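In this note's numbering, the protein residues as written are 570 to 868.
Below is one structure; the comments refer to it alone.
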Amino acid sequence: MTRVARSPAAPPAAPPIEIAVREATPRRRRVGFWLTMGGIGLVVLGLAAIGAILALTLQNSAAFDEAMSSTYTDTRNLGLSQYERSVGSLIVGTPMIIFLLAFCLLMLGELLRRARWVRSDRGTWRGATNTATLRVLSPRVHLAWIAAPVLVWAALIAVPVALGRAGGWPAQVHYSIEEDVWMLLGMYGALASGVAAVIAVSLVKKLAYARRVAAGTTLPAGTGSRFWRGLTYFWRFDLWLAFLGGLFMGPGWIALYYDDPIFLLVPLGIGLVFLALGVICALNFWRSAEVLAAAESVT
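What follows is the structure, given as structure tokens:
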């Protein structure tokens, strides 16, 4: 009888190998600090830009109306293509560009200031993994971060609605620019409420995870659900859902100015659904078996 030799079983896939570790050195902390300060400065500049635009509606509504309805010519492709652009869109969009730049500086600054970086090799065809583990902020500091966008939302939505219902600004502006004013308030009020919702759900996620760590009910590393790992750790979809919830709920209160309950209830209902889904996902982060303070990217 001839025996057929069996090939040995394939060895299990090797775990990622750490090939580089970068600690937050004093120099990196200094750079991160100034980047963070620059981001905060840009946030203040963006808010000042919104304030300046709104002040123009108070001082000279005719000039604001003319600026919003004006256009300019955008020449491209060596002068071969010309496009008519709206000055109003440029005015309204300028603070958003400033806020995007501020977000980039704040994110880079906090990563440089508080993160420990680990680069792990996952194999020839799978590339490498970059993992940043940050120092966790205390709940009190976290609450302070929530207060900032909430105050901005109140200044852009709650206060104008209350003043308008009482017959003050923006009810006093010319009817030709009233919609533009509410569009500006609603757009940036929605952004502020979305950011506030993200920070709030992040705090819920932190407290729930800390409670499980204290109780010893977290899962061992590498044994978590791939679904929850991708949803709540790698992509942070729980926070995206929270942002969408705040995005709908924040400007919905403008309906009180127009005495339109449907316009109020519909965005509030949609926002609450997204916010509830975000909280549910955040409470299940422990199923990913990952460290809450870590974030991962693949190169």
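Glycine included, every Cβ here is placed at the ideal spot set by N, Cα and C.
The model shown is predicted, which means the values in this text are computed figures rather than measured ones.
In terms of DSSP beta bridges, what is residue i paired with?
i           : result
residue 702 : 685, 863
Report all residues from its chain with a CB closer than 8 Å to the CB of residue i; omit the five preceding and five following residues, and keep chain order.
i           : result
residue 792 : 858
residue 572 : A caution first: residue 572 carries a pLDDT of 48, below 50, which makes its placement in the model unreliable, though a value can still be read off. So the list is empty, once near-sequence residues are dropped.
residue 830 : 824
residue 672 : 608
If I measure Cβ to Cβ from residue i and keep anything under 6 Å in the same chain, skipping five residues before and after, which residues do I get?
i           : result
residue 726 : 758, 822
residue 582 : Here residue 582 scores only 43 on pLDDT, less than 50, and its place in the model is too uncertain to base an answer on.
residue 781 : 787, 855
residue 714 : 768
With residue i as the anchor, note down where its alpha helix (DSSP H) starts and where it stops.
i           : result
residue 628 : 595 to 628
residue 711 : 708 to 722
residue 738 : Careful: residue 738 lies outside any alpha helix (DSSP H) and carries neither H nor E.
residue 830 : 830 to 852
residue 809 : 806 to 821
residue 824 : 824 to 827
By the three-class DSSP mapping on this structure, what secondary structure does residue i have?
i           : result
residue 640 : strand
residue 747 : helix
residue 768 : helix
residue 577 : Because the pLDDT of residue 577 is 45, which lies under 50, any placement of that residue in the model is unreliable, and the number read from its coordinates should be weighed accordingly. Of the three classes helix, strand and coil, the one that applies to residue 577 here is coil, per DSSP.
residue 663 : helix
residue 572 : Because the pLDDT at residue 572 is just 48, under 50, the model does not fix this residue reliably, and the point stays unresolved.
residue 794 : coil
residue 801 : helix
residue 678 : helix
residue 758 : helix
residue 788 : coil
residue 592 : coil
Write down the C-beta distance between residue i and residue j rounded to the nearest angstrom, noting that I regard them as a contact closer than 8 Å.
i           : j           : result
residue 685 : residue 702 : 5 Å
residue 722 : residue 761 : 4 Å
For residue i, which residues from the same chain have a beta carbon less than 7 Å from its beta carbon, with the 5 sequence-adjacent residues on both sides left out?
i           : result
residue 789 : 858
residue 755 : 820, 823
residue 853 : 797, 801
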